[in-house]
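If you count the sequence shown from 1, you need to add 166 to reach the numbering used here.
Accompanying notes for the structure given below.
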Amino acid sequence: MLNPIEGCWNSLKTRMKKRLADRKEEMMVRGDYDMYKEHWLAIMKEAVETSKCVITRRLVWRFERHCLRHCVAAERE
């Protein structure tokens with residue numbers, strides 16, 4: 167992986183998947199919504215809001231550094 171955005175995106179997806187797995191039972195019930203899709207989208211929005219804190223300057227810096235290291239190594243070969 168030579169793109170730091172991919173690493174950040176993967177970190178966000180991992181956190182979201184964990185959050186959604188914790189709420190799996192709730193996703194199966196329509197609740198106050200007219201359609202399941204509406205409820206599912208509301209849960210997804212909440213998962214994004216609670217998960218986006220995983221992307222920090224430090225995380226981005228670490229992925230940039232990781233990619234740079236591998237780019238330099240590839241150029242040397």
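Positions of the beta carbon are idealized from the N, C-alpha and C atoms, including for glycine.
A contact is defined here as three or more CB-CB pairs under 8 angstroms, and the region 235–242 fails this definition with respect to the region 171–186. The beta carbon of Ser177 lies closer than 7 angstroms to those of Val220, Ile221 and Leu225 in the same chain, with the five residues before and after it left out.
In the DSSP annotation of this structure, Thr222 is not part of any alpha helix (DSSP H), being labelled neither H nor E. By the neighbour-count criterion, in which 16 or more other beta carbons inside 10 Å mark a residue as buried, Ala208 falls on the exposed side.
The shortest C-alpha to C-alpha distance from Lys211 to any of Leu186, Gly173 and Cys174 is the one to Leu186. Contact between Met193 and Trp206 is confirmed by a C-beta separation of about 6 angstroms, below the 8 angstroms threshold.
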